Every structure is written in structure tokens, then in C-alpha cells.
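Colleague:
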Amino acid sequence: MTGRLAGRTLWVLIVAALLPYLNALPNDFTLDDHGLILHNQAVVAFDLATLWGQDYWAGYDSSLRSGLYRPVTLTSFAAEFALFGRQPLGYHLNNLLLHLLVTLLSWSLFRRFAGASTALWGAAVFAVLPGHSEAVLAIVGRADLLATVGSLAALLVWTGADGWRRTLGGGCCFALALLSKEQAAVVPALLLCVGWLQHRRDGQGWRWPPLVASAAILAVYLGLRQVLLGGIAVTEIQALDNPLVELHGAERVLAALAVASRYALLLVAPARLSADYSFGAIDVRHMPTGEIADGLLLVLLAGVATWWFVRRPETPGLAVMWLMVCFAPFVNVLFPIGTILAERISYAPSVGYARGVGWALDGARRHLGYRVVQRLGLALLLVLGLRTAARCTDWRDELQLFGAVVAANPESARGHKGLAKALQDAGRVAEAEQEYRSAIEIYPRFDTAHYNLAILLHGTARYEEALSHFDKACVLRPEFADAHLNRGVTLSRLGRLPESRQATQRAAELRPEWDAPRVNLQEINTAIDRQGEQR
-2 MTGRLAGRTL WVLIVAALLP YLNALPNDFT LDDHGLILHN QAVVAFDLAT LWGQDYWAGY
58 DSSLRSGLYR PVTLTSFAAE FALFGRQPLG YHLNNLLLHL LVTLLSWSLF RRFAGASTAL
118 WGAAVFAVLP GHSEAVLAIV GRADLLATVG SLAALLVWTG ADGWRRTLGG GCCFALALLS
178 KEQAAVVPAL LLCVGWLQHR RDGQGWRWPP LVASAAILAV YLGLRQVLLG GIAVTEIQAL
238 DNPLVELHGA ERVLAALAVA SRYALLLVAP ARLSADYSFG AIDVRHMPTG EIADGLLLVL
298 LAGVATWWFV RRPETPGLAV MWLMVCFAPF VNVLFPIGTI LAERISYAPS VGYARGVGWA
358 LDGARRHLGY RVVQRLGLAL LLVLGLRTAA RCTDWRDELQ LFGAVVAANP ESARGHKGLA
418 KALQDAGRVA EAEQEYRSAI EIYPRFDTAH YNLAILLHGT ARYEEALSHF DKACVLRPEF
478 ADAHLNRGVT LSRLGRLPES RQATQRAAEL RPEWDAPRVN LQEINTAIDR QGEQR
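Residue numbers for the sequence shown follow the working numbering, so the first one is -2 and each next one is one higher.
1) Rounding to the nearest angstrom, what Cα-Cα distance links residue 342 and residue 203 in this structure?
2) With DSSP run on the structure shown, which of helix, strand or coil describes residue 324?
3) As a quick exercise: from 222, 468, 505, 296, pick the residue whose alpha carbon is nearest that of residue 256.
4) Flag this pair as yes or no: are the beta carbons of residue 340 and residue 128 separated by less than 9 Å?
5) Counting C-beta neighbours from all protein chains within 10 Å, is the total for residue 535 16 or more, i.e. buried, or is it exposed?
6) Just the C-alpha distance for residue 221 and residue 501, rounded to the nearest angstrom, thanks.
7) So does the region 90 to 109 actually touch the region 4 to 18, counting three or more Cβ pairs closer than 8 Å?
8) When you compare the region 380 to 389 with the region 17 to 24, are there three or more beta-carbon pairs, one atom per stretch, that lie closer than 8 Å?
9) Assuming residue 374 and residue 317 make a contact with CB atoms under 8 Å, what is their CB distance in whole Å?
10) Under 8 Å: do the region 430 to 448 and the region 461 to 472 share three or more Cβ pairs, one atom per stretch?
11) So residue 208 packs on residue 188, CB below 8 Å; how close in whole Å?
12) Looking at the unbroken alpha helix (DSSP H) that takes in residue 118, where does it start and where does it end?
13) Check whether the Cβ atoms of residue 460 and residue 491 sit closer than 9 Å, and answer yes or no.
14) Between residue 156 and the rest of its own chain, which residues show a CB-CB distance below 6 Å, the 5 nearest in sequence each way excluded?
15) Exposed or buried, what is residue 392 when buried is set at 16 or more other beta-carbons lying within 10 Å of its beta-carbon?
16) Identify the continuous alpha helix (DSSP H) that holds residue 439 and give its terminal residues.
17) Using C-beta distances below 6 Å, list every residue in its chain close to residue 103, excluding the 5 sequence neighbours before and after it, in chain order.
18) Please check the pair residue 279 and residue 338, which I expect to be a contact at CB under 8 Å, by giving their CB distance rounded to whole angstroms.
19) If I measure Cβ to Cβ from residue 89 and keep anything under 7 Å in the same chain, skipping five residues before and after, which residues do I get?
20) Taking 7 Å as the limit between beta carbons, can you name the residues of its chain near residue 151, skipping five residues before and five after?
21) Could you pull the start and end residues of the alpha helix (DSSP H) that residue 357 belongs to?
22) Can you tell me which residues form a DSSP beta bridge with residue 279?
23) Whole alpha helix (DSSP H) runs in the region 197 to 274 with 4 or more residues, listed along the chain?
24) Just checking my contact of residue 133 with residue 93 at CB under 8 Å: how many whole Å lie between their CB atoms?
25) At what residue ranges does the region 490 to 531 contain a whole run of the alpha helix (DSSP H), taking only runs of 4 or more?
26) DSSP three-state call for residue 537: helix, strand or coil?
27) Measuring CA to CA, which of 401, 260, 71 is closest to residue 36?
28) Using the rule of at least 16 other Cβ atoms within 10 Å of the residue's Cβ for burial, across every protein chain shown, is residue 246 buried or exposed?
29) Given this structure, state the Cα-to-Cα distance separating residue 364 from residue 287, to the nearest angstrom.
30) Measuring CA to CA, which of 411, 161, 74 is closest to residue 49?
31) Tell me whether the region 504 to 514 and the region 476 to 486 touch, counting them as touching only if at least three CB pairs, one residue from each stretch, are closer than 8 Å.
32) Looking at the structure shown, is residue 180 part of a helix, part of a strand, or coil, going by DSSP?
33) What number of angstroms, rounded off, separates the C-alpha of residue 5 from the C-alpha of residue 148?
34) Taking residue 419 and residue 453 to be in contact with their CB atoms under 8 Å, please state how far apart those CB atoms are, rounded to whole angstroms.
35) Compute the Euclidean distance between the alpha carbons of residue 235 and residue 335, then round it to the nearest angstrom.
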């Protein structure tokens, strides 16, 4: 490729990756950004011991056990907090730059195994895909961005020239990816697919050092998870996050396949997007027959594609294998994971999808001519880019985001709870109360919805009603320290001081480092003593 052509390619990809997302720069913190960044004591204090030695959510609540280990992602947040504090612009800008880097790495990898035209179209399509935009728009999507950067960099280094330096460099990239997000664990399988293509199509010998290195690094990573988290897999999955856990056997597998077919729809026709697909958004017990059939068809196509790729490894086959390998562990078919469906999960797999689209556009040139294909391709990029740009406005703030969630999935319990919290923060108390009640009606076991509704009711001096919901929150999650503390406050307001002291003591036991229970206990004990003196 000449220098001038390379320069044009670079500018095309820069524009494609950044232009649709520019109106995301004014966006606020949303969703898990609050817990993982703003209210994460380990991030705020740049506490490396906690960032690298404990659960992903430990800095927000030491009692939480998510089973996630992402120290590189957390360290990036800590560095940004030191630089930008509570101003979201810098965080969003870094996400955009990482997305650009992924786009360029995708182009480099495509270029290694396909022609220049296929690589350019594929990378440009990847840059503007709306279906995976959540990974860029949510600041905590940083985990997907960093993991994909590390994965692509590792594959680029390992599939280049031989040598121990490349083996070591690729290993460092893979380790970076794994420590950013668990999804990078598929890299050894991707390396095997790429190696097969190089071996059969290009006549290259197997490069064993990278394969051995990737397997060894993955083994060390799993051992590290075992030591630090006490297990390899996610420890506990809530039905609120993934209702598939309440299904068993063939029923769960068929429902998971039906849900998996929705990932295909996200990539091919991303008309309706949502930041939440948890309990209520997808009725797993009554999946449409058509979606189940689509899921079974995907399994059939996966089997045929694997057989074909083994026999005749080519670019389109590698694109399909990439999709299969990246999605397989994370679509709840093999085993349930912490979420039923999340658009950000499609970020790394969509590299394969974009590669396939690039190959199709380049192939169509032989039948339709260069100009026709160029116009079709540009029209496709324009439509996808406009959809992505429109999606950016949905993420402007929590009120707008959860309004969009409820509009897309009216039965989403988490959507109604999120909208309620945003309305409450905006001072729209009556509307917020209704949304909390809608969330609880959809999912009666929603502990945080009960808790937030209780806080709202307490704030309007409806203490008996508030106590009822605090009670439910404490029963549903006995280790919920905040609920016990505020239950104690409400009991105190009702004059039930002995019960208030008991609830506050429980909060202190659950979170020993917390000052609030100790302060409240002093006030309660003083009030009890005063009552005793009056008697």
C-alpha cells in the first residue's frame, strides 16, 4: 500500500470511528459509572491493593461478590479520576480514542488476511455499528474496549514474524486483555482459528510458542482468580440480572438460543436498542417459537460453518468462526453468566461480523461494479453512523437513558427502577414513586427498588410505609447494610428506639469501617437514656 493510500485509509477510519460519537462527549455518568467510579473508594483513593487484590465491585461495597476481576479497567478509572475528577468529558474522550484504536487494530488484522478493500470496508463498518455502541457510550464499557484492544494486539503480534520477543509481547497484550475483562479468554481459540487459516491457506507452519504461551497465561489467570476471588466462575447469579438461571435443562438451553438470536438482530438490524434486557424485558418462559427456531438455525449454521472452515479455511469462514468463538461462552447456552443479554458483549464479536460485511462488499464489486458498490457501502455507513449518532443522545443522562429503556422494554424492572431514581433526583417525587411501584410489581424481589422507594417515602414523612419497604429490603438481602441503617433511622422516627438500636447495630456489623452507624448508635443510646431518666 502506498503512503498516500495509507494516509487516506487512516483518515477514513478516524472519521468513521469518531464522527458518530462526537455528540456523546457532553454525556453524563450513567448506570454503573456511579458505583464503579464516583462512589468507588478504591478508585477515588487510587488504592492499588484493592484495585488489584479484590473483586471488581469491592471498592464500592466490600460485601459484594460479583466474581469479576478487572484490575486494569479499574486502574484506568483511578488514573482518570486523578486527572478529571467528577467531570465526565475526559472519560468519554478516552473511550472514543480506545474505540478508534480498536478500529485501527481491526483494519490491521483484516489487512493481514484479506485484501485492502475488504479490510477498509470491514473496519469502517465496525467503526459505525450501532449494536455495540454501549461499549463506547457507557464509561464502564471501558472493560470491553481494553479487552478488545489487548486481544487484537495479541493476535496481530502472534500472527506476525516468529521470535521470542513477539511471543512475549503478544503474551503481555493477552494478559492486559484478560485483566480488563473475562471475555478475552477466547483469544487462544481465536489464535487457533487464525493459525489454521495460515497453515492451510497460506502454507505456513504452526507457530507453537504463541499457542503454548496463550494457554499458559490463561491457566495462570484462572489460578489468580481462584486465589483472589475464591473461584473461577461467577459466584452468584441473580434472576433479576439473568432470569435464565431459574430455568433448567433443555428449557434453559432453548430459551438461551432464542435470546442468542437477538444478538444477530442487534448486528444486522439495530433499530431497537436498549441499555437493559434484564428481568421482564425478555419473557424467558414464553419465548416466541420463531426466535427458538432462529436459535436452532444458528446452531445448525455454526456446525456447517465449522465443518466448512476446517475443510477450506478462507476469509468468510474466519469471520463466522470469530463470531462463534467470541459469542459462544457469553450467550448462556453452555452455562449461565451474569447477564441475559447486553449490547456491549457484542463489541468484540462484531469484529468478525464487520469482517464478513467487508468481504461481501468487496466481492459484490465483481458483479455490480466499483461505483455501485461504493455507493451502496457509503449508504450503509451513513445509515449505521446516523443510528449510532442518534443512540448517543439516549445516553445523555440517566433520565433520558432510562426513559429510552422503558420505551424499548416497558416490562423491564430495572428500567423502571432506574427511571424512578432519575425522576427522584430531578425532584419529580410523585412520578418516581409510581415508577418504583412499577418495578416492584414486575419483580417483587427487587431489594434496591424496595429500598429506594422506602427512602422516598421516608423523605415525605410516610414512615410506616417506608418501614414496610425497608423491612422487605432487609429480608430480601440480609447483608444490605444501607437498608438496615435507614430502617434504624425510620424506627427511631417512629419512637421505637430499642428496635432502632438493633437495626443500627446490624448495619455496623455488616460494614465495620462505616462511621454512620456508630454516630447513629450514640444518638439512639442518648435518646434511650433520656427516656429512662424521664421515667
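No residue lacks a Cβ here, since even glycine has one placed at the ideal position from N, Cα and C.
For clarity, every value in this text was computed on a predicted model and none was experimentally measured.
Modeller: This is what the structure gives:
1) 30 Å
2) helix
3) 296
4) yes
5) The requested residue 535 does not occur in the structure, where the chain is confined to residues -2 to 532.
6) 37 Å
7) yes
8) yes
9) The pair is not a contact, with the Cβ atoms about 21 Å apart (cut-off 8 Å).
10) yes
11) 6 Å
12) 113 to 125
13) yes
14) 191
15) buried
16) 426 to 439
17) 120, 123, 348
18) 7 Å
19) 21, 22, 24, 136
20) 167, 170, 171, 174, 184
21) 347 to 365
22) 276
23) 205 to 226, 246 to 265
24) 7 Å
25) 494 to 507, 513 to 531
26) This structure does not reach residue 537, given that the chain is present from -2 up to 532, and the question cannot be answered.
27) 71
28) exposed
29) 34 Å
30) 74
31) yes
32) helix
33) 26 Å
34) Contact doesn't hold; Cβ gap of about 13 Å is too wide.
35) 7 Å
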